[in-house]
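**Q** One structure, pasted below without further comment.
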Amino acid sequence: SAVISQKPSRDICQRGTSLTIQCQVDSQVTMMFWYRQQPGQSLTLIATANQGSEATYESGFVIDKFPISRPNLTFSTLTVSNMSPEDSSIYLCSGLTGLNTGELFFGEGSRLTVL
Amino acid sequence: AQKITQTQPGMFVQEKEAVTLDCTYDTSDPSYGLFWYKQPSSGEMIFLIYQGSYDQQNATEGRYSLNFQKARKSANLVISASQLGDSAMYFCAMREGDNFNKFYFGSGTKLNVKP
């Protein structure tokens, strides 16, 4: 299995501020993704993090709100900008190795609460 | 139409008994993968088991087995000999074909194991 670690694990933020979440993966991971899980909800894909280029965003998510970087194969960041209470969620970094069954591996998640 | 449907928002099971969590899926792609994940209260998503659409036998991983009924498009998770540590949210997911950036997640089932 792939090792994916992200930080912070949780944070409490003030309205209007921005927070950057970091994700480090091991070398087995080829594709990286960012998911959002709002309270009591399922997972929604925010974007695919592309190495060295702009991320590919899903419908409903825009770069200005969720800028993503992936400067190299094993590291990515997600910024949640100009936060509002509606952004309170768990943000999950995930990766695919392309090996075996192609399951998604996930980081520990970053639980953000916006006041 | 929903790609993945989990009709049980919550389930209770007595410790040491078996429990079945339901999952139905919708796809017209002959090639797909089905996955189950466990999410404890800590928020991490833990991969449990995988079933490929062409697999002839039901997948098993320790106490987890997947009851795959292709004609009915169902992929129920069976947990045998439930333990207190099995209390968590369980998500069924599907990947269609080779669309690695397209994982569809169900709404989840919260399992509570009673001592």
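Which chain is which? The protein sequence lines are A and B, in order.
Letter 78 of the first sequence, counting from 1, is numbered 78 in the numbering used here, and no numbers are missing.
Letter 12 of the second sequence, counting from 1, is numbered 1012 in the numbering used here, and no numbers are missing.
Ideal Cβ placement from N, Cα and C applies to all residues, glycine included.
1) Check whether the segment 1028-1043 of chain B and the segment 1082-1095 of chain B touch, using three or more Cβ-Cβ pairs below 8 Å as the test.
2) Buried or exposed, going by whether 16 or more other CB atoms sit within 10 Å of the CB of A/SER53?
3) Under three-state DSSP, which class holds B/ASP1055?
4) Whole angstroms are fine: how far does the CA of B/PRO1115 sit from the CA of A/THR74?
5) Just to confirm the assignment, what range does the beta strand (DSSP E) spanning A/GLN6 have?
6) I want to see whether chain A comes within less than 7 Å of B/MET1094, judged by CB atoms only; does it?
7) Among A/SER59, A/SER69, A/SER88, whose alpha-carbon lies nearest the alpha-carbon of A/ARG10?
8) Assuming the contact rule is C-beta atoms closer than 8 Å, A/CYS93 and A/MET31 should be a hit. Round their C-beta distance to whole Å, please.
9) Using only alpha-carbon positions, find the residue among A/GLN38, A/ASP26, A/LYS7, A/THR79 that is nearest to A/LEU96.
**A** To lay it out plainly:
1) Yes, since at least three Cβ pairs between the segment 1028-1043 of chain B and the segment 1082-1095 of chain B fall closer than 8 Å, the two stretches touch.
2) Here the question's residue 53 of chain A lines up with position 53 in the first sequence. Counting of Cβ neighbours within 10 angstroms places A/SER53 among the exposed residues, the total staying below 16.
3) Residue 1055 of chain B sits at position 55 when you count from the first residue of the second sequence. Three-state DSSP puts B/ASP1055 in coil, outside helix and strand.
4) Against the first sequence, residue 74 of chain A aligns to sequence position 74. Against the second sequence, residue 1115 of chain B aligns to sequence position 115. The alpha-carbon separation between A/THR74 and B/PRO1115 amounts to approximately 42 Å.
5) The residue you call residue 6 of chain A lines up with position 6 of the first sequence. Bounds of the beta strand (DSSP E) holding A/GLN6 are 4-7.
6) Taking the first residue of the second sequence as position 1, residue 1094 of chain B is located at position 94. Answer no: the Cβ-Cβ gap between B/MET1094 and chain A never drops below 7 Å.
7) For the purposes of this step, residue 10 of chain A is taken as residue 10 along the first sequence, with counting starting at 1. Minimum Cα distance to A/ARG10 is reached at A/SER88.
8) As a position in the first sequence, residue 93 of chain A is number 93, starting the count at 1. As a position in the first sequence, residue 31 of chain A is number 31, starting the count at 1. About 12 Å separates the two Cβ atoms, so there is no contact after all.
9) As a working mapping, residue 96 of chain A is identified with position 96 in the first sequence. Nearest option by C-alpha distance: A/ASP26.
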